[in-house]
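Notes for the one structure printed next.
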Amino acid sequence: MAGLENLKDMYDVALKPRMLRTLLKEEVPDEKKQQLGNPSKLSRVVSTIQTFKLLSESFNNSTEPKLIERWRSAIDDWVNRLLLLVSNSTMPDKCWAGICLLGLTCQECSSDRFLASYAVWFDKLLLHIQSPTDSQFVKVASCTSMSDMITRLAEFPNAKKDGSSLAGKVIQPVLKLLQEGSSENVWEGAIHLLCTIITCFPASVHRHYDSVETAIASKILLGRCSINLLKKFACCLALLPKSRGDEDSWLSMMRKILLLVNGYLTEIFHGLEEESKWDEALRLLVPPGEATPTSLWGQNLLEETSDNARKRSKLSSVSLLMLSCCTMLTTSYPVQVTVPIRSLLTLIERVLVVDGSLSRATSSYVIATEQEFICSELPVLHSYSLELLTSVIKGMRSQLLPHAAYVVRLVKEYFRRCQLSELRIKIYSITKILLISMGIGIAIYLAQEVVNNSLLDLNPSDDDTSSNANPKALSEAFLQPCHRKRKHGAAVSHEQKFEQISLEVEAPRSRPPTLISVKIAALEAVEALLTVGGALRSESWRSKVDHILITMAEDSCKSGWTTEDRNTFLPSGPTSMRAELQLAIFRALLVSLLSPSLVRPPHLAQSLELFRRGRQETGTKLSEFCSYALLALEVLIHPRALPLVKIPPANSSLEVNHGFPETLYTGSQKHNTPFSSGIREMGFVSPDSDDELYESWLGGSNETDTPMDGKAKNTNSEKHSENLGVQWRENISAVATADVEMQSDGDEIIVKSQQVQESTMQLQELVSSRGAAVPVVTNDCTGTEVELTRVGSKTGALVSTDEEMAPSEADITDKCNESAPIMGTTYKLSSAPKSIAVFAYESDRDSSAESVPDIVDADPDSDCQEI
């Protein structure tokens, strides 16, 4: 070693052959060493080879030929040492080490070396798979290394024919291992190799298709191994139709699985469901004119099952076969196939509607112990059914629309009955996937259901035993609109609202506290709903969702962040789970702020403060997200552009119906929107003390406090009116860019605008304090008068007046003091002969009461859909 030249750095090519020879000398056993030593040394060898790419033989143009030859010679010695170890059948530990390192060599060596050597390596490994005398761990290592070799061989298109030929030689030895082997490790290695062959070289399995199908299905139905291994068998059964690659093979496999599952369910649910379920399954699965099979894979479709052990075995088989269906629906297939969607949905509904209850007609036929057994197994069966529903949605996407009514009804009914935490998480996940994949059309019908259940699970006080009310009654009471008037100053907190509800509702103390994982799932569903359906006319639930989100966000920060142990808001659990919950809260809060709405975000200021505080918690995911949230909310604070919409001329005879876009910043600021800016510049909102324009309007004169009516106006008021007339003409385009909906009908233009509550209150204060009437602006050029009057509406409906004379100051003051709701206030701008009337939006009750068309749950033309 002393005579070796020094290296430039750790990236020097001369380092690679030297390191490889050092590993051969010190770590890899040879024929002289009797024992392998510590097997953990192989992990260090594998890590070193993968890190430094010691077997890659990658050279630069400037690499010296002598160095290239030295590296190739070192790799030759490496391969020869491994082949000697693989051939050493007398010492299984050395043979096992050689086989493992040979699989690594197949992955790491250069393409030229692999193509020149894979045939020799294949023969060496195949001998150990076929040999009946080799130990089990040698067989498992051989299957794993053979899988690595076949995976690498599939990367070369020119070797596809040779690869299919070699893979076909492995099928029979693998089937023999599955049939004769008694170790789960051997079965796991064999099924892993079989899945690799089906994926990489499917044509090699074509001749052995029926034998492979029977062998895999028998393992699933017998169920004599661990659940993890059974899941691998189920996935392999789902991949098997790829070996043929035609539509009939895929559909035939799906029908076989569904027929067997429905037959097993008929036996398991005997006495718990209607007896016609089996006939309905046959009608959907067996085409007319075909004979119904009596058995599949050696199992009878219908037989009497009275033993609980046999029922438990069949329940396990049903779950695994459902998993196979999930894999078939979500895995790519070479050709387009027809999916029996109605059969799948019927199977899912058949499982989900069974809750263990007995009807009067069947109660005498079911023993209490059998009912107890079924109830104990139903949660697992329901979980797999929900997984199957998730796969149907993911696999079909928009093609599920003909069955949308069926899916919506199924989800809503199960949502109302589901109480187990694990199942509620899955149903929340399904609603999230539905909203994302099918869009606003589904959001219309699932919104209220998601909100009702989310408000129950996200209730901050549900961990307190004093608030464990009846979930259904609590939800209905919380979502019930309040028709009683209350003072503006009497604010009711979220916790007080739930306390009031809990006093009115009978509360059986049986509902357990909501788990953190359920809260996270509910927040994710709400986030998806706000993203997809935030632009809906959602006044009936939107304010409640926004309120619960800001309440949870504030409460989660009251006693510190999740890094502190004294946080009492979050339920007890691991710190990581509490951190995930807090992150989910802030994610939903950001979506709530950015989601389109008819009003400005009601909790923007509080949210900005929370995000600013969260950003200070450096080194956490929450800090990173809060930084991103503040960046995303910049568009609400400082809008970059205004909507490109112009108001039509007053003399236009065309009917105009502009649908203004729900921009992110529309109505999001108190005084920064175009509409409020125009109102401020016209003098109806008190500007800041340093506003030069306002000072110029005042003209340095003090206004008198003496009230003036509509007939008597002082000189300053007339001067202000002239200035306001100029400002009105300049700002009419700014008013047009507000969030309005315009209609033009001849000589009258009606503008519906959402008035900001703060601007209305300031207008009232300005009129009352200054004692000035609303100005009448006269245009000297046209002689047109514009007057602003205020009409109160107690019902929130649109109100219009056709008065041509300006009201007196006293009338305006009286109308400003009316107790009509602020959002029901109506303004009219009238001019002669043209008039412009400004109306407020309809109240929440009016907009929410609009009916939407119902989804019609009708059978589509075909029971199958294509993927």
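Read in order, the letters of the sequence shown are residues 1 to 867 in the UniProt record's numbering. Each residue gets a CB set at the ideal place from its N, CA and C atoms; glycine is no exception. All values derive from a computational prediction rather than experimental measurement.
Open item on the list: Contact defined as beta carbons within less than 8 Å: I believe V261 pairs with L315. What is the distance between those atoms, to the nearest angstrom?
Closed with: By one-based count along the sequence shown, residue 261 stands at place 261. By one-based count along the sequence shown, residue 315 stands at place 315. A Cβ-Cβ separation of about 11 Å leaves V261 out of contact with L315 under the 8 Å criterion.
Open item on the list: With DSSP as the reference, identify every bridge partner of N300, one or two as the case may be.
Closed with: Walking along the sequence shown from the start, residue 300 turns up at place 300. The partner list for N300 (beta bridge, DSSP) reads S295.
- [ ] Find the nearest neighbour of V635 within the set T618, E624, P601, T620, judged by alpha-carbon distance.
- [x] In the sequence shown, counting from the first residue as 1, residue 635 sits at position 635. Closest by alpha carbon: P601.
Task: Top-ranked residue by Cα proximity to C100, from P29, L633, D210, G395 - done: Here residue 100 corresponds to residue number 100 of the sequence shown, with the count starting at 1. When C-alpha distances from C100 are compared across P29, L633, D210, G395, the shortest belongs to P29.
Task: Identity of the residues DSSP links to T151 by a beta bridge - done: Translated into positions along the sequence shown, residue 151 becomes position 151. None; T151 has no bridge partner.
Open item on the list: On a Cα-Cα basis, can you pick out the residue from D9, T390, M146 that is closest to L410?
Closed with: By 1-based counting over the sequence shown, the position of residue 410 is 410. Of the candidates D9, T390, M146, the one whose C-alpha sits nearest the C-alpha of L410 is T390.
- [ ] Please work out which residues of its chain come closer than 8 Å, Cβ to Cβ, to R541, disregarding the five sequence neighbours upstream and downstream, and give them in chain order.
- [x] Numbered from 1 along the sequence shown, position 541 holds the residue referred to as residue 541. At residue 541 the sequence reads Trp, which differs from the Arg that was named. Same-chain partners within the cutoff: A447, Q448, V451, L479.
TODO: Just the C-alpha distance for residue 938 and V351, rounded to the nearest angstrom, thanks.
DONE: The first residue shown for the chain is 1 and the last is 867, placing residue 938 beyond what the model contains.
Open item on the list: Which residue marks the beginning of the alpha helix (DSSP H) containing F611, and which one marks its end?
Closed with: Start at 1 with the first residue of the sequence shown, and residue 611 comes out as number 611. The continuous alpha helix (DSSP H) containing F611 extends over residues 604–615.
- [ ] Please name the residue, chosen from A405, I427, V532, that lies closest to I436 on a Cα-to-Cα basis.
- [x] Along the sequence shown, one-based indexing puts residue 436 at 436. With distances taken between Cα atoms, I436 lies closest to V532.
Task: C-alpha gap between R613 and S595, whole angstroms - done: As a first step, residue 613 must be located in the sequence shown, where it is residue number 613. As a first step, residue 595 must be located in the sequence shown, where it is residue number 595. It is roughly 22 Å from the alpha-carbon of R613 to the alpha-carbon of S595.
Open item on the list: Whole angstroms are fine: how far does the CA of M577 sit from the CA of I393?
Closed with: Taking the sequence shown and counting its residues from 1, the one referred to as residue 393 is at position 393. Taking the sequence shown and counting its residues from 1, the one referred to as residue 577 is at position 577. Cα to Cα, the separation comes out at about 28 Å.
TODO: Say whether the stretch 148–168 touches the stretch 130–137, bearing in mind that this needs 3 or more beta-carbon pairs closer than 8 Å, one atom from each stretch.
DONE: The stretch 148–168 and the stretch 130–137 do not touch, with fewer than 3 CB-CB distances between them shorter than 8 Å.
Open item on the list: If the criterion is Cβ atoms closer than 8 Å, does the pair Y406 and L345 meet it?
Closed with: The residue given as residue 406 occupies position 406 in the sequence shown. The residue given as residue 345 occupies position 345 in the sequence shown. Their beta carbons are under 8 Å apart, which means Y406 touches L345 by this criterion.
Task: Cβ-Cβ separation, A525 to T431 (assumed contact under 8 Å), whole Å - done: Here residue 431 is taken as the residue at index 431 of the sequence shown, counted from 1. Here residue 525 is taken as the residue at index 525 of the sequence shown, counted from 1. Indeed, because the Cβ distance is near 5 Å, the residues count as touching under 8 Å.
Task: Neighbourhood of K412 by C-beta, 6 Å cutoff - its chain only, sequence neighbours within 5 removed - done: For the purposes of this step, residue 412 is identified with residue 412 of the sequence shown, where counting begins at 1. Once the five neighbours on either side are set aside, the close Cβ partners of K412 are E449.
Open item on the list: Going by DSSP, what residue range makes up the alpha helix (DSSP H) through F233?
Closed with: One-based indexing of the sequence shown puts residue 233 at position 233. Per DSSP, F233 belongs to the alpha helix (DSSP H) from 227–239.
TODO: Buried or exposed for K8, please, with buried defined as at least 16 other CB atoms from any protein chain shown within 10 angstroms of its CB.
DONE: Taking the first residue of the sequence shown as position 1, residue 8 is located at position 8. If you draw a 10 Å sphere on the C-beta of K8, you find fewer than 16 other C-beta atoms in it, and that means exposed.
Task: Helix, strand or coil at D76 [DSSP, three-state] - done: Residue mapping note: residue 76 aligns to position 76 of the sequence shown, counting from 1. Note: D76 maps to helix in three-state DSSP.
- [ ] Assuming A522 and Y428 form a contact by the criterion Cβ under 8 Å, report the distance between their Cβ atoms to the nearest whole angstrom.
- [x] One-based indexing of the sequence shown puts residue 522 at position 522. One-based indexing of the sequence shown puts residue 428 at position 428. Between Y428 and A522 the Cβ distance is about 6 Å, and since that is below 8 Å, they are a contact.
TODO: Would you mind giving the Cβ-Cβ distance between L222 and T331, rounded to the nearest angstrom? I have them listed as a contact below 8 Å.
DONE: Here residue 222 refers to the residue found at position 222 of the sequence shown. Here residue 331 refers to the residue found at position 331 of the sequence shown. So it is not a contact: roughly 25 Å between Cβ atoms.
Open item on the list: I need the DSSP call for E372, collapsed to helix, strand or coil.
Closed with: Residue 372 sits at position 372 when you count from the first residue of the sequence shown. The answer is helix: DSSP assigns E372 an H, G or I state.
Open item on the list: Rounded to the nearest angstrom, what separates A291 and A190 at their Cα positions?
Closed with: Indexing the sequence shown from 1 puts residue 291 at position 291. Indexing the sequence shown from 1 puts residue 190 at position 190. Straight-line Cα distance between these residues: approximately 36 Å.
- [ ] Select from C109, A167, K161, K160 the residue whose C-alpha is nearest the C-alpha of D123.
- [x] The residue you call residue 123 lines up with position 123 of the sequence shown. Nearest C-alpha to D123: A167.
Task: Proximity below 8 Å, CB of E267 to CB of T305 - done: Sequence index remark: in the sequence shown, residue 267 carries index 267 (1-based). Sequence index remark: in the sequence shown, residue 305 carries index 305 (1-based). Yes, Cβ-Cβ distance for E267 and T305 is below 8 Å.
Open item on the list: Given a cut-off of 8 Å on the beta-carbon distance, is the pair S343 and L296 in contact?
Closed with: Locating residue 343 in the sequence shown gives position 343, where the first residue counts as 1. Locating residue 296 in the sequence shown gives position 296, where the first residue counts as 1. When the beta-carbon positions are compared, S343 and L296 stay at least 8 Å from each other.
TODO: Taking 8 Å as the threshold, find out whether the stretch 51–70 comes into contact with the stretch 85–92 through three or more Cβ pairs.
DONE: A contact between stretches requires three or more CB pairs, one per stretch, nearer than 8 Å, and the stretch 51–70 fails this requirement with the stretch 85–92.
Task: Proximal residues to C114 (C-beta, below 7 Å), its chain only, five neighbours per side dropped - done: Sequence index remark: in the sequence shown, residue 114 carries index 114 (1-based). Reading off the sequence, residue 114 comes out as Phe, not Cys. Counting only Cβ-Cβ distances below 7 Å, and skipping sequence neighbours, we find C106, R152.
TODO: Compare the C-beta of S131 against all C-beta atoms of chain B and say whether one is closer than 8 Å.
DONE: Note that chain B does not occur in the displayed structure, where there is just one protein chain.
Open item on the list: Using a Cβ-Cβ cutoff of less than 8 Å, which residues in the same chain neighbour L358 once the five nearest sequence positions on both sides are dropped?
Closed with: As a first step, residue 358 is located in the sequence shown; it is residue number 358 there, counting from the start. Excluding residues within five positions, the ones whose Cβ falls inside 8 Å are G271, L272, V366, Q371.
Open item on the list: Spatial neighbours of L230 within its chain, please: C-beta separation below 7 Å, excluding the five flanking residues on both sides.
Closed with: Residue numbering aside, residue 230 sits at position 230 when the sequence shown is read from its first letter. Excluding residues within five positions, the ones whose Cβ falls inside 7 Å are I220, G223, L320.
- [ ] For N702, count neighbouring Cβ atoms within 10 angstroms of its own Cβ and tell me buried if that reaches 16, exposed if not.
- [x] Here residue 702 is taken as the residue at index 702 of the sequence shown, counted from 1. For N702, the predicted model reports a pLDDT of 45, less than 50, meaning its position is unreliable and no value from the coordinates is stated.
Task: Helix, strand or coil at V318 [DSSP, three-state] - done: Position 318 of the sequence shown, counted from the first residue, corresponds to residue 318. Helix.
- [ ] Give me the Cα-Cα distance between Y333 and P241, rounded to the nearest whole angstrom.
- [x] Indexing the sequence shown from 1 puts residue 333 at position 333. Indexing the sequence shown from 1 puts residue 241 at position 241. For Y333 and P241, the distance between alpha carbons rounds to 9 Å.
Open item on the list: Just verifying my parser: in three-state terms, what is the DSSP assignment at I68?
Closed with: Locating residue 68 in the sequence shown gives position 68, where the first residue counts as 1. Helix.
- [ ] Taking the CB atoms as reference points, tell me whether S145 and L125 lie closer together than 8 Å.
- [x] By 1-based counting over the sequence shown, the position of residue 145 is 145. By 1-based counting over the sequence shown, the position of residue 125 is 125. In contact: S145 and L125 (Cβ atoms closer than 8 Å).
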